[in-house]
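Okay, so here's the structure we're looking at.
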Amino acid sequence: MEDLKKVLGTYSRAFLASVLTLAISGVTDPKALLAAGLASVLPPILRWIDPKDTEYGKK
1 MEDLKKVLGT YSRAFLASVL TLAISGVTDP KALLAAGLAS VLPPILRWID PKDTEYGKK
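Using the numbering used here, read the sequence shown as starting at 1 and increasing by one per residue.
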């Protein structure tokens, strides 16, 4: 359960950081904001899938 909290926290931070950055810069298109948010969670997902990742890779 703790690993899940770590992963979800990472996803949330990455998503919010990219969406807020675009919103602050004036982008208001919901599709663009959602696309940026989803693209930003790909690296943490790839880390989670990687069994060699010692922080929260698949065990």
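Even glycine gets a Cβ: it sits at the ideal position worked out from N, Cα and C.
As the structure is a prediction and not an experimental result, all values here were calculated from the model.
| Query | Result |
| --- | --- |
| For the alpha helix (DSSP H) that contains Thr10, what are its first and last residues? | Glu2 to Ile24 |
| On a Cα-Cα basis, can you pick out the residue from Asp50, Ser18, Arg47 and Leu8 that is closest to Ala39? | Ser18 |
| Report buried or exposed for Gly37, applying the criterion of at least 16 other Cβ atoms within 10 angstroms of its Cβ. | buried |
| Verify whether the separation of the beta carbon atoms of Leu34 and Val27 is less than 8 Å. | no |
| Please state whether DSSP places Pro44 in a helix, a strand or coil. | helix |
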